[in-house]
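Single-structure report; data block below.
This is the structure we're talking about:
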């Protein structure tokens, strides 16, 4: 078992993939004005943009209007490969699969891990492999779309749900984010909707609905980048694992990794000394003089980017994916209860 040392990713580990520098330094000048830092559009990886970032007056999620950045991205990372997610056989090692989590711990999805799910979940109904030792996966687009939905086709009980990027080659995501966030006294929930994006343009999503996923005797591993696919939004992250672009801080503070939809910056969990953040509020954020209010992602294995919005969020639209059709709650195919809201958009 390999627990990813997420906090050990530092500026010294320069990851070059496709010409993109995954870790760079960016000096913040002066103190945050009124405790707020405006969004810096120059931090987004240009190669991942579909078009230049625009500045327009747009409507936010609460109906108010504000000057916003309109960011249209390819929704594919340039700093790391997507996948693998599932091993092919019960003897495959960790290099053949992704990661999964339980009770705040991260587990490598190896062949033996999948072979022992009945013990892992203390439920003899689990068996995601055939008698010849091959793993049962959603190996076609049709199978994937039948399993990665609010109520799973019964034929895909005891399968690893794995989507392939090549099935959704034309996904593009447009984010509308206020240029300067506004700190609200009351937090606001993002529900099952998107909550932000990394500098590579891939969206950050709410926690994967693990109980609903395993309730249908399926498992949907993340890759080592903390992401996987669903038919309604393409590739997205549920964990921040240090594989994406990080903006190092001059004071050993945790590196910056993206923005929430309300315009507040998102930082990694651990700082340069491996220490976790302190004094976080109900949104997963706090303030300091240099950065103003900002968020920190959850600890490895927490299945959490941020907890709620402190500001007023912008909007997100996706093209090139399956139409998002939410079936009624309940229905067939849930041995232990219906999926509440996912996978679209949370899986």
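Residue numbers (UniProt numbering): 1 to 347.
Each residue gets a CB set at the ideal place from its N, CA and C atoms; glycine is no exception.
Small disclaimer: the values here were computed from a predicted structure and weren't measured.
Environment of residue i [buried if 16+ CB atoms lie within 10 Å]
i: residue 116; result: exposed
i: residue 340; result: Note that residue 340 scores 36 on pLDDT, short of 50, meaning its location in the model is unreliable; the coordinates nonetheless yield the value given after this. So residue 340 ends up on the exposed side.
i: residue 155; result: exposed
i: residue 208; result: buried
i: residue 64; result: exposed
i: residue 62; result: exposed
i: residue 231; result: buried
i: residue 354; result: The displayed coordinates of the chain run from 1 to 347. Any statement about residue 354 would go beyond what the structure contains.
i: residue 140; result: exposed
i: residue 170; result: exposed
i: residue 245; result: buried
i: residue 200; result: buried
i: residue 104; result: exposed
i: residue 279; result: exposed
Pairwise C-alpha distance: residue j and residue i
i: residue 263; j: residue 222; result: 26 Å
i: residue 86; j: residue 96; result: 7 Å
i: residue 54; j: residue 94; result: 42 Å
i: residue 266; j: residue 237; result: 13 Å
i: residue 195; j: residue 308; result: 8 Å
i: residue 172; j: residue 322; result: 12 Å
i: residue 191; j: residue 49; result: 27 Å
i: residue 251; j: residue 257; result: 16 Å
i: residue 129; j: residue 296; result: 38 Å
i: residue 282; j: residue 131; result: 47 Å
i: residue 274; j: residue 142; result: 43 Å
i: residue 306; j: residue 284; result: 5 Å
i: residue 146; j: residue 157; result: 11 Å
i: residue 78; j: residue 151; result: 33 Å
i: residue 255; j: residue 137; result: 36 Å
i: residue 183; j: residue 225; result: 30 Å
i: residue 188; j: residue 51; result: 30 Å
i: residue 133; j: residue 119; result: 17 Å
i: residue 288; j: residue 217; result: 44 Å
i: residue 220; j: residue 80; result: 19 Å
i: residue 290; j: residue 35; result: 8 Å
i: residue 59; j: residue 41; result: 19 Å
i: residue 84; j: residue 111; result: 13 Å
i: residue 13; j: residue 303; result: With a pLDDT of 32 at residue 13, under the threshold of 50, the modelled position of this residue cannot be trusted, and the question is left open.
i: residue 268; j: residue 82; result: 20 Å
i: residue 153; j: residue 108; result: 27 Å
i: residue 37; j: residue 88; result: 46 Å
i: residue 298; j: residue 193; result: 18 Å
i: residue 92; j: residue 56; result: 50 Å
Residues sharing a beta bridge with residue i, DSSP
i: residue 54; result: 70
i: residue 203; result: 197 and 236
i: residue 173; result: 73 and 318
i: residue 350; result: Outside the shown range of the chain (1 to 347) lies residue 350, about which nothing can therefore be said.
i: residue 136; result: For residue 136, which the question treats as bridged, DSSP gives no partner whatsoever.
i: residue 292; result: 288
i: residue 230; result: 234
i: residue 59; result: 65
i: residue 129; result: 135
i: residue 222; result: 99
i: residue 265; result: 259
i: residue 250; result: According to DSSP, residue 250 bridges with nothing at all.
Integer Cβ distance of residue i from residue j, believed to fall under 8 Å
i: residue 166; j: residue 144; result: About 12 Å; that fails the 8 Å criterion.
i: residue 106; j: residue 277; result: Their Cβ separation, rounded to whole angstroms, is 19 Å, which puts residue 106 and residue 277 out of contact at 8 Å.
i: residue 271; j: residue 253; result: 6 Å
i: residue 75; j: residue 235; result: 6 Å
i: residue 121; j: residue 214; result: 7 Å
Beta-carbon proximity check, residue i vs residue j, cutoff 9 Å
i: residue 181; j: residue 69; result: no
i: residue 202; j: residue 242; result: no
i: residue 247; j: residue 66; result: no
i: residue 135; j: residue 99; result: no
i: residue 314; j: residue 176; result: yes
i: residue 318; j: residue 233; result: yes
i: residue 210; j: residue 102; result: yes
i: residue 260; j: residue 198; result: no
i: residue 348; j: residue 229; result: Residue coverage of the chain in this structure runs from 1 to 347, which leaves residue 348 outside it and unanswerable.
i: residue 316; j: residue 174; result: yes
i: residue 113; j: residue 71; result: no
i: residue 168; j: residue 320; result: yes
Any non-hydrogen atom of the ligand ZN within 8 Å of residue i CB
i: residue 264; result: No copy of the ligand ZN occurs in the structure displayed, which carries no ligand at all.
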